[in-house]
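Below is one structure; the comments refer to it alone.
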Amino acid sequence: MHASLPGGAFAPTDVDPRAAEWSARWDRLWPDAEPSGPSLRTVHPDRWVRFHTLPGAARVAQTPADRARVARIVDELCDAARAASGDGPLLVVGEDWDAADGAGGWTRNLLPGARAWRVADGADAPAYFWVDVDVDLEPILAAVIDDRAAVLLTDAGMRWGVAPYDGGVDVFLPDAETRAALAERFSAWRSPRPDGL
């Protein structure tokens with residue numbers, strides 16, 4: 092385990108030896124974007140599709156049945172993205188912020204074997220990205236549903252990404268054609284808004 096600094100930050104000596112390899116792969120496949128839903132959605136909108144996990148685009152899972160529905164949809168979308176774009180161990184990329192942000196460290200604390208990966212400049216505070224492999228998703232999704240964590244699910248190839256949030260899931264795929272096929276397959280969960288949000 093890395094001796095992280097306060098909040099979600101890490102010292103340069105905490106960075107995993109594979110971080111440079113991960114970053115080279117990430118930057119080649121997802122140029123100009125960080126491994127987070129909002130960044131990917133902004134930079135690669137042609138490879139993005141949003142699905143709502145709760146009826147009526149509700150943002151709050153109020154019952155155990157709502158939580159189970161969210162987990163099932165995230166699982167199905169991960170399986171579909173993996174089948175279309177590659178497989179391998181599931182990577183959980185957690186995003187955190189430094190101690191200047193009240194949420195700093197929330198996501199890191201959910202990833203027991205987290206490895207420090209990369210830092211990105213943010214408008215208010217830097218964002219820190221951690222990677223963990225094949226972890227129990229149940230507590231992580233519970234935190235995401237409660238808006239207490241930010242994660243991107245992918246695999247070692249990093250050709251796809253699934254970014255759950257409190258009311259849905261953003262999915263990112265290698266190209267517009269694969270994205271369109273997934274959007275059609277799960278059209279019942281698609282956002283009805285013209286902008287896709």
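Counting from 1 along the sequence shown, just add 91 to a position and that's the residue number in our numbering.
Idealized CB from N, CA, C, for every residue including glycine.
- Of the choices Val262, Pro230, Trp139, Trp197, whose alpha-carbon is the least far from that of Ala240? Trp197
- According to the neighbour-count rule (16 or more other Cβ atoms, all chains shown, within 10 Å of its Cβ), is Leu288 buried or exposed? exposed
- Would you report the Cα separation of Pro283 and Pro108, rounded to the nearest angstrom? 43 Å
- What residue range is occupied by the uninterrupted beta strand (DSSP E) comprising Ala218? 218-224
- Please list, in chain order, all residues of the same chain as Ala254 whose beta carbon is under 6 Å from its beta carbon, the five residues on each side excluded. Gly128, Leu243, Asp261
- Query: Is the Cβ-Cβ distance between Val184 and Val235 less than 7 Å?
  - Reply: no
- Query: Among the residues of its own chain, which have a CB less than 8 Å from the CB of Asp123, if the five just before and after it don't count?
  - Reply: Val134
- List the DSSP bridge partners of Arg141. Asp261
- Can you say whether Gly193 is buried or exposed, counting buried as having 16 or more other CB atoms within 10 angstroms of its CB? In this prediction, Gly193 has a pLDDT of 48, which is less than 50 and means its spatial position is unreliable; what the coordinates show is noted afterwards. Its Cβ having fewer than 16 others within 10 Å, Gly193 is exposed.
- Task: Taking 8 Å as the threshold, find out whether the stretch 132-151 comes into contact with the stretch 262-276 through three or more Cβ pairs.
- Result: yes
- Task: Starting from the C-beta of Ser278, find all residues in its chain whose C-beta is less than 8 Å away, skip the five residues before and the five after it, and write them out in chain order.
- Result: none
- Query: What are the start and end residues of the beta strand (DSSP E) that includes Asp187?
  - Reply: 181-188
- Query: Which one or two residues does DSSP pair with Gly252 in a beta bridge?
  - Reply: Phe263
- Give the secondary structure of Ala156 by DSSP, where H, G and I count as helix, E and B as strand, and everything else as coil. helix
- Query: Looking only at C-alpha atoms, which of Ala247, Trp208, Asp170, Gly179 sits nearest to Arg276?
  - Reply: Asp170
- Item | Asp56 vs Asp238 beta-carbon contact at 7 Å | In the structure displayed, the chain extends from 92 to 288; residue 56 sits before or after that span and is not available.
- Query: Who are the near neighbours of Ala175 in its chain, counting only those whose CB is closer than 6 Å to its CB and skipping five residues on each side?
  - Reply: Thr269
- Item | Beta-carbon separation (whole angstroms), Arg173 vs Asp227, contact threshold 8 Å | Their Cβ separation, rounded to whole angstroms, is 18 Å, which puts Arg173 and Asp227 out of contact at 8 Å.
- Query: So what does DSSP say about Ala172, is it helix, strand or coil?
  - Reply: helix
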